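Residue numbers (this note's numbering), protein chains in the order written: chain C, 513 to 625; chain P, 44 to 157.
Put into structure tokens, the structure is as follows:
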């Protein structure tokens, strides 16, 4: 069965520091991969997605993610975190064409001033 | 701007009553919408796929008689929690799909059953 693992439940970083949020998936083929951010009172917002092609994808708000097939990973990165990045981040996979997402358990990011 | 809205954003009801949650696609006609449930500090779990003009498709373990879904128009899907009990308290989120396998999510509805 497909699954998504986000090993870090909480991460705290200082403003201006770099960030990496981990995501590992279990799936027989290459799934469609997504990162969403959830802020209080707002819906999940798509940061970036990977379907195929270049394994390094750029997203909004300065985020990027790298698909590594050999490690079944799709880690999210940002070189310099801003206080407004504090939120919950979800990694999701979709079996191509089904529209059905499987979400990871999320990583809550805290940013220290 | 938001492309999916939900109403209400939060609701409190008494045990045994029914609650209806609306999900609207604001910018696009959506033949397919999705309903998720999110428990505190946990992930989103897909409950059902809402199909315009036809019956919803429920995920395994989701009680279709408890969670009634109606998708009567291309911009509106509703989730009715029938005979709600405290264990139904949760955060309910809807989304609509796009042609590019991307989903846009609503802001969610917090349901508290007393």
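Ideal placement from N, C-alpha and C gives every residue a C-beta, glycine not left out.
Remember, it's a predicted structure, so these values are computed and weren't measured experimentally.
Run down chain C in chain order and give the residues with a C-beta less than 7 Å from the C-beta of residue i.
i                     : result
residue 148 (chain P) : 555, 556
residue 47 (chain P)  : 555
residue 151 (chain P) : 555
Find out if the Cβ-Cβ distance for the pair residue i, residue j is shorter than 7 Å.
i                     : j                     : result
residue 605 (chain C) : residue 543 (chain C) : yes
residue 525 (chain C) : residue 599 (chain C) : no
residue 91 (chain P)  : residue 139 (chain P) : no
residue 558 (chain C) : residue 575 (chain C) : no
residue 562 (chain C) : residue 545 (chain C) : yes
residue 47 (chain P)  : residue 135 (chain P) : no
residue 533 (chain C) : residue 619 (chain C) : yes
residue 122 (chain P) : residue 78 (chain P)  : yes
residue 523 (chain C) : residue 621 (chain C) : yes
residue 93 (chain P)  : residue 156 (chain P) : no
residue 132 (chain P) : residue 154 (chain P) : yes
residue 107 (chain P) : residue 101 (chain P) : yes
residue 567 (chain C) : residue 579 (chain C) : yes
residue 152 (chain P) : residue 55 (chain P)  : no
residue 592 (chain C) : residue 528 (chain C) : yes
Run through chain P and tell me which residues come within less than 9 Å of residue i, C-beta to C-beta.
i                     : result
residue 613 (chain C) : 77, 79, 87, 89, 138, 146
residue 561 (chain C) : 143, 144, 145
Who are the neighbours of residue i on chain P, taking C-beta pairs under 8 Å?
i                     : result
residue 544 (chain C) : 144
residue 616 (chain C) : 86
residue 580 (chain C) : Chain P residues near residue 580 (chain C): none, gap ~21 Å exceeds 8 Å.
Kindly list, in the order they appear in chain C, the residues whose Cβ is closer than 9 Å to that of residue i.
i                     : result
residue 104 (chain P) : Here the premise fails: no neighbours, minimum Cβ distance about 14 Å.
Identify the residues that DSSP records as bridge partners of residue i: which are they?
i                     : result
residue 146 (chain P) : P:140
residue 522 (chain C) : C:620
residue 88 (chain P)  : P:80
residue 67 (chain P)  : P:48, P:119
residue 604 (chain C) : C:546, C:615
residue 534 (chain C) : For residue 534 (chain C), which the question treats as bridged, DSSP gives no partner whatsoever.
residue 74 (chain P)  : The partner list for residue 74 (chain P) (beta bridge, DSSP) is empty, contrary to what the question assumes.
residue 101 (chain P) : P:91
residue 515 (chain C) : C:538
residue 133 (chain P) : P:154
residue 529 (chain C) : None; residue 529 (chain C) has no bridge partner.
residue 625 (chain C) : The partner list for residue 625 (chain C) (beta bridge, DSSP) is empty, contrary to what the question assumes.
residue 599 (chain C) : C:621
Listing by chain order, which chain P residues have their CB less than 7 Å from the CB of residue i?
i                     : result
residue 622 (chain C) : Under the 7 Å cutoff, chain P gives no residues; its nearest Cβ is about 14 Å from residue 622 (chain C).
Quick one: complete beta strand (DSSP E) runs, 3+ long, within the region 551-596 of chain C? 557-562, 568-570, 576-580, 585-590
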